[in-house]
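Numbering (the UniProt record's numbering), first residue to last: 1 to 288.
Written as structure tokens, this is what we have:
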């Protein structure tokens with residue numbers, strides 16, 4: 001996709017790993033017909049975002065896949081991402097704030113010394129030029145002019161030390177901040193741990209009471225609402241006759257489908273369609 005578009009007819013399976021980092025295909029549906037104003041966040045399931053890849057499209061009856069372009073260029077989701085990388089917002093680190101406060105304190109002290117020096121020298125009838133030289137000399141002592149250069153040399157030395165450890169830093173301002181880090185938090189599992197989840201069992205609820213867990217799903221009754229819900233309430237789709245979707249749903253249906261159930265999909269696919277909607281009637285689960 002080279003633009004952001006809203007789905008009007010048809011459906012599609014989209015790979016949004018470029019934007020979200022998730023490799024699981026996402027099902028996009030058509031925008032419902034109502035009086036509500038379109039909102040990107042609220043109607044994200046009906047929007048094809050720039051930078052995503054359409055894996056498969058489907059349409060039903062004579063209504064071909066159709067979408068309307070809403071944003072292009074830097075106004076798209078991908079464009080905003082690229083713009084945030086090229087022009088990152090300025091980060092105001094606490095270390096820099098403390099440095100400015102330190103300079104302000106030194107400035108206040110030097111100003112007091114400057115005024116005191118002028119009055120004390122003037123009372124002893126010293127030449128005005130000599131008074132000015134002594135007062136400015138006090139300012140240069142209170143605020144070292146070589147302080148910025150010394151800090152720059154320290155950052156360059158830190159960059160060279162990091163480079164020897166094969167650590168490359170493009171922003172020297174963050175070195176002082178990273179030196180005080182004592183805890184690192186990761187936002188999700190799968191980065192350092194096992195990827196995905198396993199199907200452990202099902203905990204049914206009867207008459208507002210939690211029943212005993214069922215670890216063997218094949219022992220559940222076929223006519224139970226819980227069993228039927230597990231068969232139908234998922235985000236799986238068929239791509240080249242293979243189930244694709246959430247990994248947990250795939251593991252769950254892998255336990256159920258081999259029993260005597262299979263997935264049938266309605267609708268026609270048109271590989272050349274550029275615009276893409278799934279409907280509730282897209283997938284049927286029937287006993288063989």
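C-beta: ideal position from N, C-alpha, C; glycine also.
- With a cutoff of 8 Å on beta-carbon distance, residue 138 and residue 113 are scored as near each other.
- Taking C-alpha positions only, residue 176 is separated from residue 100 by approximately 15 Å.
- Pairing residue 105 with residue 111, the inter-Cα distance amounts to about 10 Å.
- In this structure the segment 157-172 does not lie against the segment 118-125, because fewer than three pairs of beta carbons, one per stretch, are closer than 8 Å.
- Counting C-beta atoms within 10 angstroms of its own C-beta, residue 182 has fewer than 16 neighbours from the protein chains shown and is therefore classed as exposed.
- 8 Å or more divides the Cβ of residue 13 from the Cβ of residue 232.
- Residue range 4-9 is occupied by the beta strand (DSSP E) that includes residue 4.
- A residue is called buried once 16 or more other Cβ atoms fall within 10 Å of its Cβ, and residue 223, having fewer, is exposed.
- Every alpha helix (DSSP H) stretch that sits fully inside the UniProt domain "P-type ATPase A" (3-85) and reaches 4 residues is listed by chain position as 17-20.
- Where residue 159 is concerned, the enclosing alpha helix (DSSP H) starts and stops at 147-164.
- Note on geometry: alpha-carbon atoms of residue 252 and residue 244 lie some 12 Å from one another.
- Secondary structure at residue 233: coil, using DSSP grouped into helix, strand and coil.
- Closest option to residue 58, judged by alpha-carbon separation, among 27, 123, 204, 68: 27.
- When DSSP states are grouped into helix, strand and coil, residue 210 belongs to the strand group.
- For residue 205, DSSP records a beta bridge to 210.
- Bounds of the alpha helix (DSSP H) holding residue 173 are 173-178.
- If you draw a straight line from the Cα of residue 213 to the Cα of residue 249, it comes to about 19 Å.
- Distances from the alpha-carbon of residue 216 to those of 6, 201, 228, 230 put 201 closest.
- In this structure, the beta-carbon distance from residue 72 to residue 3 falls below 8 Å.
- Residue burial is scored here from C-beta neighbours: residue 78 has at least 16 other C-beta atoms within 10 angstroms and is therefore classed as buried.
- A distance below 8 Å separates the beta carbons of residue 55 and residue 25.
- For residue 134, the enclosing alpha helix (DSSP H) starts and ends at 128-142.
- Judged by DSSP in its simplified three-state form, residue 112 adopts helix.
- In the structure shown, the three-state DSSP call for residue 228 is helix.
- Within the same chain, and ignoring the five residues on either side of residue 45 in sequence, the residues whose Cβ sits closer than 7 Å to its Cβ are 28, 29.
- With 16 or more other CB atoms across the displayed protein chains lying within 10 angstroms of its CB, residue 10 is buried.
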